[in-house]
Amino acid sequence: MREATAIIDLGAIRRNLQGIRARVGNRRILAVVKADGYGHGLERVVRALRDADGFGVASLEDATRIRQLEVRQGWSRKPVVLLSGVDESRDVPLLESLGLQTVLHDHSQLELLERSPRAGGHRHLWLKLDTGMHRLGFAAEQTDRLQQVYARVLALGAGRPPVWMTHFSSADEANPHVTTAQIDCFQRAVAGRPGLHSLANSAGITEFPAAHGDWVRPGGLLYGLSTFADRTGAQCGFEPAMTLVSRIIAVKHIAAGAAVGYGGSERMQRPTRLGIISIGYGDGYPRHASGQGATVLVDGHPAPLLGRVSMDLSCVDLTDLPLAQVGSVVTLWGAALPTEQLARHAHTISYELTCGVTRRVAVREIE
Ligand SMILES: *Cc1c(COP(=O)(O)O)cnc(C)c1O
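Using the working numbering, you'd call the opening residue of the sequence shown number 300 and step up by one each time.
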């Protein structure tokens with residue numbers, strides 16, 4: 300039995316949702332649960348987020364899992380939005396039968412829906428505008444073409460106006476100008492056109508209250524994670540929901556000058572008491588953290604990682620922690636050791652770390 304365990308704090312997720320509520324007032328909250336709830340487990344996250352107004356997903360598979368959970372639990376259906384929409388005509392019947400809402404960001408999707416018979420009633424559509432991120436969406440500043448797109452979307456929805464949406468590229472950056480330009484561009488494009496508005500991701504929620512619109516779309520904040528370079532999720536006022544732990548499975552003494560691990564990449568500066576942790580990149584602990592000054596907590600005390608992270612194992616310097624021993628609990632990230640701190644050492648963001656936890660890692664839920 301491997302020791303690596305992801306502890307998921309469902310109470311933290313619930314309180315994070317309340318924290319978002321407190322910031323956005325009566326705006327609706329589309330809880331973004333794509334990528335298996337940012338690696339926290341889709342079903343458990345959706346259970347913890349019962350008070351959200353809807354869910355945002357990236358795949359029909361995830362949308363189907365939410366609908367199945369609702370049936371099992373006897374819950375009524377919540378809005379579920381496919382954030383990248385559909386791209387194959389055979390997906391449309393499922394879209395309709397599951398009562399999903401879908402984003403339209405490209406002409407090919409308009410054509411696809413126009414070719415598909417509507418099951419009846421209104422379609423709930425989200426019309427995505429590109430206001431400067433240049434990833435998905437219809438160009439917001441091309442007024443004439445946008446008018447044509449809007450007319451087709453109205454027809455597709457049997458007269459129901461779409462939710463107008465856009466996505467921020469840089470709301471987590473210190474300089475607000477990119478985002479304020481995106482907000483202005485969006486406002487110009489939607490002026491005088493009926494429909495609800497949705498702009499803000501997590502950083503948009505904390506940094507740009509003027510862009511809360513009708514639907515906010517938090518992902519990271521729900522899990523207590525941040526993409527800010529200078530602020531952890533906790534420093535934004537949210538609770539990290541995932542703690543990754545494992546244990547020391549061997550302790551040994553090695554001489555000054557000896558090298559540790561693959562490639563002998565790190566030589567000991569002093570006689571070293573070395574702990575071997577049952578964690579590696581096969582669990583989702585980033586190999587890129589090797590040699591970058593990352594620390595772990597051993598029985599709650601910080602200790603430096605040594606040498607290269609391998610598939611199943613990593614090494615830690617226990618020289619200054621004489622009480623640490625085989626069986627000592629090692630925290631890799633979480634409430635006591637910000638995920639953002641390790642992410643910085645691994646040249647990534649906290650989202651990628653939680654999304655990357657692999658299936659062999661055990662999960663324990665706490666409230
Ligand atoms: C992922 C995603 C979000 C959530 O972003 P966070 O930074 O996690 O809050 C919001 N909107 C869209 C369209 C997304 O794809």
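Cβ coordinates follow ideal geometry from the N, Cα and C atoms, glycine included.
- For the pair glycine 503 and alanine 470, the CB atoms are nearer than the 8 Å cut-off.
- Just measuring C-alpha positions, the residue of Met464, Ser358, Gly574, Ala450 sitting nearest leucine 622 is Gly574.
- Cβ neighbours of lysine 333 within its own chain (closer than 6 Å, five residues either side excluded): Val356, Ala357.
- Annotation for histidine 496: Trp463, Gly512, Asp513 place their beta carbon closer than 6 Å to its own, counting only its chain and skipping 5 residues before and after.
- Remark: C-beta atoms of threonine 505 and cysteine 535 approach each other more closely than 8 Å.
- Sequence-distant partners of aspartate 350 (beyond 5 residues in either direction) whose C-beta falls short of 7 Å from its own C-beta, in its chain, are Leu316.
- DSSP, read as helix, strand or coil, puts phenylalanine 537 in coil.
- With a contact defined as Cβ atoms closer than 8 Å, threonine 542 and glutamate 639 miss out at about 14 Å.
- Between alanine 488 and alanine 499, the C-beta gap is not smaller than 8 Å, which leaves the two residues out of contact.
- Proximity of the beta carbon of asparagine 500 to ligand 1 is indicated: a heavy atom of the ligand is located closer than 7 Å.
- Rounded to whole angstroms, the separation of the alpha carbons of glutamine 408 and valine 385 is 7 Å.
- For cysteine 654, the closest alpha carbon among the candidates Gly519, Ser589, Ala554 is that of Gly519.
- Secondary-structure assignment with DSSP links leucine 316 through no beta bridge to anything.
- Glycine 523 has its Cβ no nearer than 7 Å to any heavy atom of ligand 1.
- A direct Cα-to-Cα measurement between tryptophan 374 and alanine 450 gives close to 35 Å.
- A distance below 7 Å between beta-carbons, with the five flanking residues on each side excluded, links proline 461 to the following residues of its chain, in chain order: Leu424, Trp425, Leu426, Val452, Gly494.
- If you draw a 10 Å sphere on the C-beta of alanine 311, you find 16 or more other C-beta atoms in it, and that means buried.
- At a threshold of 7 Å, proline 517 counts as near ligand 1, since its beta carbon sits closer than that to one of the ligand's heavy atoms.
- Counting along the chain, no alpha helix (DSSP H) covers leucine 399, and no H or E run does either.
- In the DSSP annotation of this structure, the continuous segment of the alpha helix (DSSP H) that includes glycine 503 starts and ends at 501 to 506.
- With at least 16 other beta carbons inside 10 angstroms of its own, serine 501 counts as buried.
- Lysine 377 has its CB no nearer than 7 Å to any heavy atom of ligand 1.
- For histidine 552, the beta-bridge partners assigned by DSSP are Arg572.
- Distances from the CA of aspartate 598 to each of Tyr561, Gln568, Arg314, Ser627 were compared; the closest alpha carbon is that of Ser627.
- Excluding sequence positions up to five before and after leucine 348, its CB lies within less than 8 Å of the CB of Ile312, Arg313, Leu316, Ala330, Val332, Phe354, Leu521, all in the same chain and listed in chain order.
- In the DSSP assignment, arginine 414 falls within the unbroken alpha helix (DSSP H) covering 406 to 414.
- When DSSP reads this structure, cysteine 614 sits in a beta bridge with Ile575, Leu605.
- Here threonine 465 is buried: its Cβ has 16 or more other Cβ atoms, across all protein chains shown, within 10 Å.
- Look at serine 545 here: in three-state DSSP terms it is strand.
- The Cβ atoms of glycine 340 and isoleucine 365 do not sit closer than 8 Å to each other.
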